[in-house]
Amino acid sequence: MVTVASSPSLTSHVAAFRRFNRVYTRFIGALDEELLNSGYSLAEARVLYELATRHTPTAKEIALALGVDPAYLSRILARFEKSSLLKRTASKKDARSAYLALTRKGKSRFEKLNALSEEQARSILKALPPTGETNLIHSMSDLEQLLAPSTQQEANYVLRPHRPGDMGWVVHREAALYAQEYGFDETFEALVARIVADFLTEFDPKRERCWIAEVNGQNVGHIFLVKHPTEPSIAKLRLLLVEPSARGLRLGSVLVDECVNFARAVGYKKITLWTQSILIAAHRIYEKAGFRLVEEQANCKFSKDLVSQTWELDLTESGFGRAASQGGRTGPTPTDV
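Numbering (the working numbering), first residue to last: -10 to 326.
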């Protein structure tokens, strides 16, 4: 048997993960014999919730939704039926299956339990300062998207202009993500800081834009379109980034599409961007939007041996941006000149 040693960071992360589980389960009362002194265990409460919020589900559907053992679920349903909380209706299509529904008594019990849960959440949030409440909800959203990524598909995003405080976030997330995912050093952070400082001090609202993408009120992405310093007919696409928690929502394509549409509307003839060859996922988005790779050059930047690339989109050609809305996954993408 071969034992693979864990890295020190993974070992500490495992310990932190388990510590959080102990704190949180104790905090919400998951270890109590009864949830919120309701007379029902946590598992029974979750089954009640599924019965109350689904239209005549089957036991199989509930077992799949909760990820519980069918035999264990069967015992819970039998107790509910014995207590007159549940009624079964045989399926006409499958004699082995039955549709489940709460009785009037069952609905009353659920409403009381739901009110207790609502009050618990309300009292916890009210006890926090405003910033603490916001941070808690954002952290919970991050946990949900990391541990149950399929829920991302249901997330709604909005695009908005920049506002005070956004540029500090842009610099922080660009520097942190590139260090984490590509090993870029602090010179990249310095570069991003100069880019956003120039954007704020020289901002032309008629010809330039920053879009911030939000999901559930939390910043998850950004992109900039700015004037070329010497060519009035050329715009530059810069600092495209999508947070890991929001990848898969096609935000990269949406942000690039916004840049292209705005550039055309204000009369630019061309958009150019500078990026790196290692950012393959972002290249797919540029290609779908109609950009073409026009130049490559080896360089050493941000403590890495890289191959820089220049991409261009001719806005005078018909059909530009034709595939930008088709989407794709993207990581953070630098565009620094």
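The beta-carbon is built from N, C-alpha and C at its ideal position, and this holds for glycine as well.
Short Cβ contact (8 Å threshold) for S266 with V243 | The answer is no: Cβ separation not under 8 Å.
So what's V215 in DSSP terms, helix, strand or just coil?
-> If DSSP states are grouped into helix, strand and coil, V215 belongs with the strands.
For the beta strand (DSSP E) holding L304, just list the boundary residues, first then last.
-> No beta strand (DSSP E) holds L304; DSSP gives it neither H nor E.
Nearest-angstrom Cα distance between L282 and W300?
-> 4 Å
May I have the straight-line CA-CA distance separating F327 from E197, to the nearest angstrom?
-> Given a span of -10 to 326 for the chain in the structure shown, any question on residue 327 remains unanswerable.
Going along the chain, which unbroken runs of the alpha helix (DSSP H) with 4 or more residues stay wholly within the region 3 to 69?
-> 31 to 42, 48 to 55
Between the region 41 to 50 and the region 115 to 131, do three or more beta carbon pairs fall short of 8 Å?
-> no
If you draw a straight line from the alpha carbon of K115 to that of S106, how long is it in whole angstroms?
-> Here the C-alpha atom of K115 lies approximately 14 Å from the C-alpha atom of S106.
Measure the CB-CB distance between P96 and A41 and report whether it falls below 8 Å.
-> Note on residue identity: the sequence assigns Lys, not Pro, to residue 96. Yes, they are a contact pair.
Report the option in A235, F173, G172 whose CA atom is closest to the CA atom of Q134.
-> A235
Decide if E23 is buried, meaning its Cβ has at least 16 other Cβ atoms within 10 Å, or exposed.
-> Exposed.
How would you call C289, buried or exposed, if buried means at least 16 neighbouring beta carbons within 10 angstroms?
-> So C289 counts as exposed.
DSSP state of I269, grouped into three classes?
-> helix
In DSSP terms, what I184 is bridged to = Looking at the DSSP assignment, I184 forms no beta bridge with any residue, so it has no partner.
E163, buried or exposed, once every other Cβ within 10 Å from all chains shown has been counted against 16 = buried
Roughly how many angstroms lie between the CA atoms of S73 and T92, to the nearest whole one?
-> 7 Å
Cβ-Cβ distance between L37 and L102 below 8 Å = Less than 8 Å separates the beta-carbon of L37 from that of L102.
Mind checking who Q109 pairs with in its DSSP beta bridge?
-> Answer is none; Q109 lacks a bridge partner.
Quickly, what does DSSP pair C248 with across the bridge? List them, please.
-> BP columns for C248 are empty, so no partner.
Any C-beta of chain D under 8 Å from that of L230 = No chain D is present in this structure, which holds just one protein chain.
Put D174 into one of helix, strand or coil per three-state DSSP.
-> coil
Limits of the alpha helix (DSSP H) - the one that P150 falls within | For P150, there is no enclosing alpha helix (DSSP H); the enclosing beta strand (DSSP E) has its first and last residue at 146 to 150.
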